[in-house]
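These notes are about the structure you will find just below.
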Amino acid sequence: MTKPPKASPPKALTIAGSDSGGGAGIQADLKTFSARGVYGASAITGITAQNTIGVQAVEPVSEAMIAAQIASVLTDIPPDAIKIGMLGTASVAQTLAHALAGYSGPIVLDPVMVAKSGDPLLADDAVGAVIEQLLPRATVLTPNLPEAARLLGRAPASTPEEAEAQGHALLAMGPAAVLMKGGHSDGPVCTDLLVSDAGTLRIEATRIMTRNTHGTGCSLSSAIAAELAHGHPLDKAVRRAHGWLQGAIAAADTLQVGQGHGPVHHFHELWT
């Protein structure tokens, strides 16, 4: 008797930098994809010597190699969603725009600019290229408050109302939706705002007091990409990803990795 063919799992591609410490970047994205039941492929844009204390060195990958990685994946393992993270330079942003010109699936754009340690990860001249080349392609843009402010050339929002206004300003630049992440705000409650033409979805969570938050932005954006790969609409994808990340932060202290800002626990639902 012939066995029925096995169903292929949802697939997602992350285009981002490598974090040798494993807490952020490509490593966090692939862990997140796995934790959310998605097969992950990757295209590395840069290599960092990095740990929980800081970034010691950064070395870019050539534009030709980045394009080759993306083409290799797209031709054999077509992703159901793509997450874009660390780019580094304007030329990399332009390379991605060209390499993804024929891709019609959802794209989650996480505008990585500064590492948790404060080390810069995006050149000043690259901001304009990200705005012009990639924002119009994004299904959802996921900036934290400092990143949103830098994209707009403004001061960071200090209230949810200001954050929503900046979300609408970013929306006018071309993405289909903007998730304004409130982790950098003050107070006992973190408020994320999903801003789109359909309105604003407010997602609140009690702030978890831990220093182990390395990779939260990478993990949230890749979790959203994973949920989109599963076929969920954006609002549901964001809610599911947000809930999963809250659990990963709550369990972060159980890992005890490194001496600085440790990673969140990507496999908190799987490890005992």
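Read in the numbering used here, the sequence shown has 332 at position 158, and its numbers run on one by one without any break. Heads up, the beta-carbon is just placed ideally off N, CA and C, and yes, glycines get one too.
Selected residue, minimal CA-CA separation from A379, among T390, V369, H416 and A399:
H416
When we look at the beta-carbon of M383 and count the other beta-carbons within 10 Å, is it buried (16 or more) or exposed?
M383 should be labelled exposed.
Does V363 pass the burial test, meaning 16 or more other C-beta atoms within 10 Å, or should it be called exposed?
exposed
Could you give the DSSP three-state label for M354: helix, strand or coil?
strand
I'd like the span of the beta strand (DSSP E) that includes T365, first residue to last.
Its beta strand (DSSP E) spans residues V363 to S370.
For R328, count the other beta carbons within 10 Å of its own beta carbon; 16 or more makes it buried, fewer makes it exposed. Which is it?
exposed
Can you list, in chain order, the residues of its chain with a C-beta nearer than 8 Å to that of S192? Leave out the 5 residues immediately preceding and following it.
So the qualifying residues of the chain are G199, I200, Q201, I218, G220, I221 and T222.
Between which two residues does the alpha helix (DSSP H) containing S332 stretch?
Note, S332: premise wrong, no alpha helix (DSSP H); not H, not E.
For the alpha helix (DSSP H) that R413 lies in, which residues bound it at each end?
L408 to A424
Do you know whose CA, among E443, E335 and K205, lies nearest L368's CA?
E335
Please classify G346 as buried or exposed, where buried requires at least 16 neighbouring CB atoms within 10 angstroms.
Note that residue 346 is Ala in the sequence shown, not Gly. Exposed, by the Cβ-count rule.
Three-way DSSP call (helix, strand, coil) for A245 in this model
DSSP places A245 in the helix class (H, G or I) of the three-state scheme.
By how many angstroms is the C-alpha of M260 removed from the C-alpha of V314?
Going by the C-alpha atoms only, they are around 16 Å apart.
When S396, R414 and G214 are compared against K257, the one with the closest alpha-carbon:
S396
According to DSSP, residues forming a beta bridge with K257:
T188 and V282
According to DSSP, residues forming a beta bridge with A215
L187
I'd like the span of the alpha helix (DSSP H) that includes E401, first residue to last.
That run of the alpha helix (DSSP H) goes T390 to A403.
Which residue comes first and which comes last in the beta strand (DSSP E) that contains G432?
G432 -> no beta strand (DSSP E), and no H or E assigned at all.
Specify the secondary structure class of E443 as computed by DSSP and reduced to three states.
coil
Check whether the segment 231 to 244 and the segment 419 to 438 are in contact - that is, three or more C-beta pairs closer than 8 Å.
no
Just list the residues that DSSP pairs N386 with in beta bridges.
Bridge partners of N386: none, in fact.
Could you spell out where the alpha helix (DSSP H) holding P320 opens and where it closes?
L319 to L326
Hey, could you find the ends of the alpha helix (DSSP H) G199 is sitting in?
G199 to A209
Taking 7 Å as the cut-off, decide whether the C-beta atoms of L308 and A267 are in contact.
yes
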